[in-house]
Amino acid sequence: MDFLIFQVPMLTLQATLDGVLLGILFALIAYGMALQWGVMNIINIAQGDLVILGGYIAYFMYLWGIHPAWGVIVSPFIMYFVGVGIYKLVINKVVDRDLFISILATFGISILFMQLMNFAFGADVVLANSGYGTTMLFDNSVTLPNSKIFSAFISIIFAIGLVIYMKKSKLGRAIRATAQNARAAKILGVDTEKVYAATFGINAALCGVAGALISITFTIHPYMGLPYTIRSFMIVIVAGLGNLPGVAMSGMGLGVFEEFADYILGTEFRIGSVFLLLVLILVYRRFKLSRKREYLK
Amino acid sequence: MKINKIILSFISALALLLSTSVTSFAKVVGDKIILGSAISLTGKYSSNGVHTQNGYNMAVDRINSMGGVKVGGKTYKFEIIYYDDESNPKRAAQLAERLISQDGVEFMLGPYSSGLTKAIAPVTEKYGVPMVEANGASRSLFTKGYKYLFAVLAPANLYLDVAIDLAVEKNGGKPVKIAQAFEQDAFSQDVRLGILEAAERTGSKIIIDDKLPKELNDMAATLAKVKAVKPDVLVVSGHTKGALTAIRQIAEMKVDVPMLAMTHCDAAKLSKQHGKNSEYALCASQWHKTLSYKDKFFGNGMKYAADFEKEFKYDPPYQAAESSAALLVFKDAFERANSFDKKKVRDALAATNMQTFYGNIKFAEGGQNVDKPMVLFQVMCNADGSKCENKVVAPTKWASAKLIHPIPSWSER
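Taken in order, these protein sequences are the chains called A and B.
The first sequence lines up with residues 1137 to 1433 when you count with our numbering.
The second sequence lines up with residues 7 to 419 when you count with our numbering.
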């Protein structure tokens, strides 16, 4: 236990700001998960691996001399098709099945992706440098890397963009209709197969954006996906499926919680405390995880 | 269904491939000495696993082309059977078992990493198979009383204690304040033990002692604390990801410390990824090409590096150099034992006292190499940061540049 954080007020502020910025990024990943969970009733264990794959796309752009920030445009494009591809190959076979089957299937995809990424990109830890510099507050006692601010900003833009898209576009309406009642949507002429594919693609695209952001803020590595899956899973559980402001809030909450756990308990318990929190929340909710498809606002 | 067929044929092709490659070898066939090694060609250690394998292969080719190994008046050549251990300790132990009991291998080369070496050592010990390893530095390997384990490298607790001595020296012989962050794995924890001992020896105080998780990619909290308490030295050990994360976040958060000491900077290609931001970092290394050790197979470090680069198209990290040295040790031991008897080879290994391009090699009771000090190098860059180099700064005997201390603050950089 270490209470240095409460003795130095600037550390408290630092931790809170770090947590909020981090949390916004988590919320973006979680939003993708909530979307396809709500529409297709699939818990995607491979979520984090899609994020890492998106990160590698930005990393390779960086290697080719393109600024990695463009990754937030390129990565979702590529990842959309990766997502649709996964849907056509695997997910469409499990979409109407038991939740357990979908977890197993996506777990398999996760392992496959990890190994393929390791095979293709090597096991080295990599990162892309944005060269964005640092914002310093209060006479250099609170520092915010501009890459983190950039990440949060881009995440917010994509989240807002997606909400508008879901409200206004034809596909967005079809996705919402399918989420409410797939059968009824089908009867009324919605091609649910297409809707599912698009949903999974959009989710993968969001992961692509997040991955690109992670490659410029943190590091990426073929085996680093799982913590992102767990975090987004947790955020979605706390917020519920149809609740975007909830996802954003619980994302930020989780970010701040992690930072404080890091300061107080030590970095070694950072991920551990997330898992612990997950267990506590699950117990609190008494496993009343709703298995019905919820309407996505 | 088409996909199923493809998968099925893929699997059967793989099975066929495996079944043909499992032919029975013995320890010495004709004029070949067969060595066995489980090595991480896939999985999280695959990049360092490949460095290890390249180091082994390079030495095998070199020794074979320069007359091979002379035992009992006959010349033998080295050959290595590799199996991929998938960076998985359980798998590594299984493969060691298989190499020894199925393939009849009687002499082993080590895998990559302390964890995997730990998994294999009990197996080789059980069968009395001598193993020369080059990539397991954890101290716990050398305290178990293993008789058949020999490591050409210095144990992990010696990695960074030099840095503490250096900091104390720069502080006018007075104790220093140390902040440290170590990953929770066997290797990094041993490095930590070394620091604890050095701190006790010098009367220094450890003011931050963080443990980093395996999934480490953010150490902002540790660094914010470092900023608040202003230590004299910051020590970080968390494999490549620890080194990369630390450099990135120290630069982003403008953390000023007079001395920054790390492990795994060589493999991390710190300066390549971070350029000028990585400048002034002190890195512990088993070997550096500028050291002046010599042998007749590779000449010296610079020649080794040039030859390695020619063959594998990259600058050899120390993981490759120490792996090559393992073969030199085996050759030397076979010739001195003048026999292929496991026990005799083991005794010859224990009596090793030689110089290789990689350093002097002499084994202590526990099997670790006690005749080769660690070196510390400092990353030094040119004015625009386009070219950074590792310059050896300690111990003084090997230094090729003068230590820059304290590290200039970020406002001046």
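Heads up, the beta-carbon is just placed ideally off N, CA and C, and yes, glycines get one too.
Through-space distance from residue j to residue i, alpha-carbon basis
| i | j | result |
| --- | --- | --- |
| Trp293 (chain B) | Ser119 (chain B) | 16 Å |
| Ile1371 (chain A) | Val1299 (chain A) | 18 Å |
| Tyr1359 (chain A) | Asp1185 (chain A) | 8 Å |
| Gly200 (chain B) | Ser144 (chain B) | 11 Å |
| Val66 (chain B) | Leu101 (chain B) | 21 Å |
| Gln195 (chain B) | Ser146 (chain B) | 10 Å |
| Glu418 (chain B) | Val263 (chain B) | 13 Å |
| Ile413 (chain B) | Tyr286 (chain B) | 6 Å |
| Phe31 (chain B) | Glu112 (chain B) | Residue placement at Phe31 (chain B) is flagged as unreliable, the pLDDT there being 47, under the threshold of 50; the coordinate-derived value follows with that caveat. Near 10 Å, if we compare the C-alpha coordinates of Glu112 (chain B) and Phe31 (chain B). |
| Leu1414 (chain A) | Ala1151 (chain A) | 21 Å |
| Val242 (chain B) | Leu1252 (chain A) | 30 Å |
| Ala1259 (chain A) | Asn1317 (chain A) | 44 Å |
| Cys394 (chain B) | Gly73 (chain B) | 39 Å |
| Lys1304 (chain A) | Leu1342 (chain A) | 19 Å |
| Lys96 (chain B) | Ala1320 (chain A) | 52 Å |
| Thr402 (chain B) | Gly372 (chain B) | 28 Å |
| Ser415 (chain B) | Met380 (chain B) | 28 Å |
| Pro181 (chain B) | Ala290 (chain B) | 21 Å |
| Lys33 (chain B) | Asn388 (chain B) | 52 Å |
| Leu218 (chain B) | Tyr1198 (chain A) | 28 Å |
Nearest neighbour of residue i, chosen from the options [CA to CA]
| i | options | result |
| --- | --- | --- |
| Lys231 (chain B) | A:Ile1400, A:Gly1382, A:Thr1328 and A:Phe1411 | A:Ile1400 |
| Gly110 (chain B) | B:Ala160, B:Ile39 and B:Val174 | B:Ile39 |
| Lys150 (chain B) | B:Ala98, B:Ile87, B:Glu131 and B:Pro136 | B:Glu131 |
| Leu1362 (chain A) | B:Leu222, B:Gly307, B:Leu229 and B:Pro237 | B:Leu222 |
| His280 (chain B) | A:Val1261, A:Phe1289 and A:Leu1280 | A:Val1261 |
| Ala185 (chain B) | B:Phe193, B:Leu229, B:Val398 and B:Asp301 | B:Leu229 |
| Met64 (chain B) | B:Lys368, B:Pro322, B:Gly365 and B:Phe346 | B:Pro322 |
| Met386 (chain B) | B:Asp313, B:His411, B:Asp215 and B:Asn375 | B:His411 |
| Ile1193 (chain A) | A:Ile1209, A:Phe1289, A:Gly1325 and A:Ala1313 | A:Ile1209 |
| Thr81 (chain B) | B:Ser93, B:Val197, B:Asp171 and B:Val35 | B:Val35 |
| Ala1384 (chain A) | A:Thr1148, A:Leu1157 and A:Gln1143 | A:Leu1157 |
| Ile1417 (chain A) | A:Leu1380, A:Phe1369, A:Thr1403 and A:Glu1404 | A:Phe1369 |
| Leu115 (chain B) | B:Gln108, B:Glu92 and B:Phe156 | B:Phe156 |
| Gln361 (chain B) | B:Gly307, B:Arg198 and B:Tyr324 | B:Gly307 |
| Ser52 (chain B) | B:Tyr89, B:Lys260, B:Ile367 and B:Leu276 | B:Tyr89 |
Backbone secondary structure at residue i - three-state DSSP
| i | result |
| --- | --- |
| Ala1205 (chain A) | helix |
| Glu90 (chain B) | Sequence check: residue 90 (chain B) is Asp here, not Glu. Three-state result, Asp90 (chain B): strand. |
| Asp262 (chain B) | coil |
| Thr1148 (chain A) | helix |
| Tyr1192 (chain A) | helix |
| Ala102 (chain B) | helix |
| Phe31 (chain B) | Here Phe31 (chain B) scores only 47 on pLDDT, less than 50, and its place in the model should not be relied on; the value that follows carries that caveat. Coil at Phe31 (chain B), not helix or strand. |
| Phe303 (chain B) | coil |
| Thr358 (chain B) | coil |
| Val235 (chain B) | helix |
| Asp215 (chain B) | strand |
| Val1345 (chain A) | helix |
| Phe113 (chain B) | coil |
| Val1331 (chain A) | helix |
| Met268 (chain B) | strand |
| Phe188 (chain B) | strand |
| Leu155 (chain B) | strand |
| Glu371 (chain B) | coil |
| Ile1356 (chain A) | strand |
Rounded distance between the beta-carbons of residue j and residue i, thought under 8 Å
| i | j | result |
| --- | --- | --- |
| Met1169 (chain A) | Asn1339 (chain A) | 7 Å |
| Ile1202 (chain A) | Ile1292 (chain A) | Not a contact, Cβ separation roughly 24 Å. |
| Ile45 (chain B) | Gln59 (chain B) | 5 Å |
| Leu1307 (chain A) | Ala1346 (chain A) | Contact doesn't hold; Cβ gap of about 21 Å is too wide. |
| Val174 (chain B) | Glu328 (chain B) | Contact doesn't hold; Cβ gap of about 29 Å is too wide. |
| Phe363 (chain B) | Tyr310 (chain B) | 5 Å |
| Gly465 (chain B) | Asn344 (chain B) | Absent from the structure is residue 465 (chain B), since the part of chain B shown begins at 7 and ends at 419. |
Any non-hydrogen atom of the ligand MG closer than 8 Å to residue i Cβ
| i | result |
| --- | --- |
| Ala44 (chain B) | This structure lacks the ligand MG, and indeed carries no ligand of any kind. |
Span of the alpha helix (DSSP H) around residue i
| i | result |
| --- | --- |
| Ser1283 (chain A) | Asn1282 to Lys1304 |
| Asp315 (chain B) | Here residue 315 (chain B) turns out to be Glu, not Asp, going by the sequence shown. Gly307 to Phe318 is the extent of the alpha helix (DSSP H) around Glu315 (chain B). |
| Ile1227 (chain A) | Element bounds for Ile1227 (chain A): n/a, residue is neither H nor E. |
| Ile1247 (chain A) | Leu1235 to Phe1257 |
| Ala1182 (chain A) | Premise fails: Ala1182 (chain A) is in no alpha helix (DSSP H) and is neither H nor E. |
| Phe1396 (chain A) | Leu1380 to Leu1401 |
The beta strand (DSSP E) enclosing residue i, as first and last residue numbers
| i | result |
| --- | --- |
| Ser43 (chain B) | Lys38 to Ile45 |
| Ser291 (chain B) | Leu288 to Ser291 |
| Leu1413 (chain A) | From DSSP, Leu1413 (chain A) is part of no beta strand (DSSP E) but of the alpha helix (DSSP H) over Arg1406 to Tyr1420. |
Residue i at chain E interface by Cβ criterion, 9 Å
| i | result |
| --- | --- |
| Arg1319 (chain A) | In the structure shown, chain E does not exist; the protein chains are A and B. |
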